[in-house]
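The next block holds one structure in the form of structure tokens; read it before the comments.
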Amino acid sequence: MLIRIDPSSGVPLFDQLAGSIRASTITGAIALGERLPSARELAQSLDINVHTVLRAYQLLRDEGLIELRPGRGAIVTGRPPGGYEDLNTAVDAVIAEARKLDIAPAALAALIRETYQ
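What the sequence shown shows, in the UniProt record's numbering, is residues 1 to 117, in sequence order.
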């Protein structure tokens, strides 16, 4: 599982972390029933505070995407509602177009954030 965060972004780290895990569940990169890394392991690997990881995990738990089991960690138990096949296809097309135009990923993300609001 690849999780990317950008400490220089204006988006809180816990939101970035939750968003990365959420996106991985949408695309199927993280399977139902899969165990996520422990908060301590993930915090160490990303060089962030363990409470940041716990906050992201709690957010995902509240959304119904993961279940937190004491002593057993976080397990993916659901997917966001809705079919995402069309959205995934559209995102792939946007990324391909951005690459053709040599638009940096950060610039594309900023454009999407601005447009989406």
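Yeah, the Cβ is synthetic: ideal placement off N, Cα and C, and Gly gets one too.
From a predicted model like this one, the values you see are computed outputs, not experimental measurements.
Distance from Ile26 to Leu17 at the Cβ level is roughly 15 Å; contact not present, criterion being Cβ atoms closer than 8 Å. With three or more CB-CB distances shorter than 8 Å, the region 58 to 74 counts as touching the region 26 to 40. Spanning the alpha carbons of Ala29 and Pro70 requires a straight line of approximately 24 Å. Going by beta carbons, Arg22 and Leu65 fall inside the 8 Å limit. If one requires a minimum length of 3 residues, the beta strand (DSSP E) runs lying completely within the UniProt domain "HTH gntR-type" (11 to 79) are 66 to 69, 73 to 76, in chain order. Closest by C-alpha distance to Asp47, out of Ile3, Leu87, Ala93, is Ile3.
Counting the other Cβ atoms within 10 Å of the Cβ of Val53 gives 16 or more, which makes it buried. In this structure, the CA atom of Glu67 is about 13 Å from the CA atom of Arg55.
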